[in-house]
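In what follows, a single structure is set out as C-alpha cells and then discussed.
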Amino acid sequence: MENAAPVTATGAPAPADRAATTTRADGTPVRVLVVDDEPSLAELLSSVLRYEGWDVETAGNGTEAVRTAREFRPDAVVLDIMLPDFNGLEVMRRLRAEVPQICVLFLTARDAVEDRVAGITAGGDDYVTKPFSLEEVLARLRGLLRRAHLSRTQSKSEGSLAVGDLTMDEDAREVRRDGDLIELTATEFELLRFLMRNPRRVLSKAQILDRVWNYDFGGQAHVVELYISYLRKKIDAGRAPLIHTVRGVGYVLKPAG
80 MENAAPVTAT GAPAPADRAA TTTRADGTPV RVLVVDDEPS LAELLSSVLR
130 YEGWDVETAG NGTEAVRTAR EFRPDAVVLD IMLPDFNGLE VMRRLRAEVP
180 QICVLFLTAR DAVEDRVAGI TAGGDDYVTK PFSLEEVLAR LRGLLRRAHL
230 SRTQSKSEGS LAVGDLTMDE DAREVRRDGD LIELTATEFE LLRFLMRNPR
280 RVLSKAQILD RVWNYDFGGQ AHVVELYISY LRKKIDAGRA PLIHTVRGVG
330 YVLKPAG
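Counting from 80, one number per residue, gives the positions in the sequence shown under the numbering used here.
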C-alpha cells in the first residue's frame, strides 16, 4: 500500500447523519469490493460500507481481487493503486474484463500526482487521496453509482436530446454524431448530457463539478478539463467542433457553423 496514511474518521457515521440507503436499481444491495493490502484499513472501509446496507468483499492483492470479482460481480471497487503483486491499473484492466461496467474509485497518495493522472487516463472513474475521510469515500461511491445508473435513486431520463448533428437517447444511453455511434463511459455520458441540456450556455467548471460529480472537489477543477478533453476526442475528432472553451469562464456546447 502506497505511503500508508490513516483516514480522518475512525468509525461509521452516526445513524442521524446517514444519507438514505442506496440500493441497486432492482432493490438489492449494492456490491462493493475493497482492495487494499493493509487489513486494518480494508476492514474499516468495509465496516462503513456494510453500515450503508451494502454487500462488501475485500482483497489484499490484485490476484485475489480478480478472483473475488469473478465470483462476487461487484458494482464498484475501492482500489489502492499500490499493491504487492501488481498495481491498481492492471487490476482495473483485469476487473473490467470480468465485470465491464464496474465503477472504479482509486486510492492514491496525496503527493502521487502521476498515479492520479494515470488512473483517470486509464479509465478510472474517480479517486480519493490519503488521508481521506470515510464520508468522502461514501460520497464518491454514491456519485459513481448514480452516474452509472446502478442506483435506484437515479433521476428519471427525459427522452432524447439533440444539438446540431449530435443526438442522445437518454433511455437507451446512446450517443450518435451524424449517425455514428459514440461509446462513452458513465461519467462522460453525464458530462455530455449536462452540456446538451444547456446548449449555447457557458457553464463554469464549478457548475459542471456540482452537477456531474455532485461533490465538492476542493478546487480540483482539472478533473473537468480532463473529461472535456476526453469528450472532444470522441465527439469532435475529425469533425467541426461542438465543444468550445470560453477562456476564463468555462465551456459551451453549440451547433457547428
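Think of the CB as a built atom: it goes at the ideal place given N, C-alpha and C, for glycine as much as any other residue.
Neighbourhood of residue i by C-beta distance below 7 Å, restricted to the same chain and skipping five residues each side
i: residue 303; result: 284, 287, 288
i: residue 327; result: none
i: residue 112; result: 136, 138, 144, 147, 148, 151, 153, 156
i: residue 169; result: 141
i: residue 307; result: 322, 330
i: residue 219; result: 184, 205, 207, 294
i: residue 332; result: 242, 274, 275, 278, 321, 322
Exposed unless 16 or more other CB atoms sit within 10 angstroms - verdict on residue i
i: residue 235; result: In this prediction, residue 235 scores a pLDDT of 41, lower than 50, which makes its location untrustworthy; the coordinate-derived value is nonetheless stated afterwards. Classification for residue 235: exposed.
i: residue 367; result: With the chain covering only 80 through 336, there is no way to say anything about residue 367.
i: residue 167; result: buried
i: residue 260; result: exposed
i: residue 336; result: exposed
Enclosing beta strand (DSSP E) for residue i [first to last residue]
i: residue 329; result: 329 to 332
i: residue 209; result: 205 to 209
i: residue 136; result: 134 to 138
Opening and closing residue of the alpha helix (DSSP H) in which residue i lies
i: residue 185; result: Segment 182 to 188 is the beta strand (DSSP E) holding residue 185; no alpha helix (DSSP H) there.
i: residue 247; result: It is not in any alpha helix (DSSP H) - residue 247 instead sits in the beta strand (DSSP E) that spans 245 to 248.
i: residue 212; result: Careful: residue 212 lies outside any alpha helix (DSSP H) and carries neither H nor E.
i: residue 172; result: 167 to 177
i: residue 342; result: The requested residue 342 does not occur in the structure, where the chain is confined to residues 80 to 336.
Any non-hydrogen atom of the ligand ZN within 7 Å of residue i CB
i: residue 220; result: The ligand ZN is absent from the structure shown, which contains no ligands of any kind.
Supposed contact pair residue j and residue i - C-beta distance, whole angstroms, cut 8 Å
i: residue 202; j: residue 165; result: Contact doesn't hold; Cβ gap of about 16 Å is too wide.
i: residue 318; j: residue 255; result: Rounded, the Cβ-Cβ distance is 12 Å, inconsistent with contact.
i: residue 183; j: residue 204; result: 5 Å
Close-in-space but distant-in-sequence residues of the same chain around residue i (CB under 6 Å, 5 per side omitted)
i: residue 129; result: 135
i: residue 316; result: none
i: residue 291; result: 269, 270, 273
Three Cβ pairs or more, each shorter than 8 Å: is that satisfied between the stretch 267 to 280 and the stretch 212 to 222? As far as the Cβ criterion goes, the stretch 267 to 280 does not touch the stretch 212 to 222, which means the pair count is below three.
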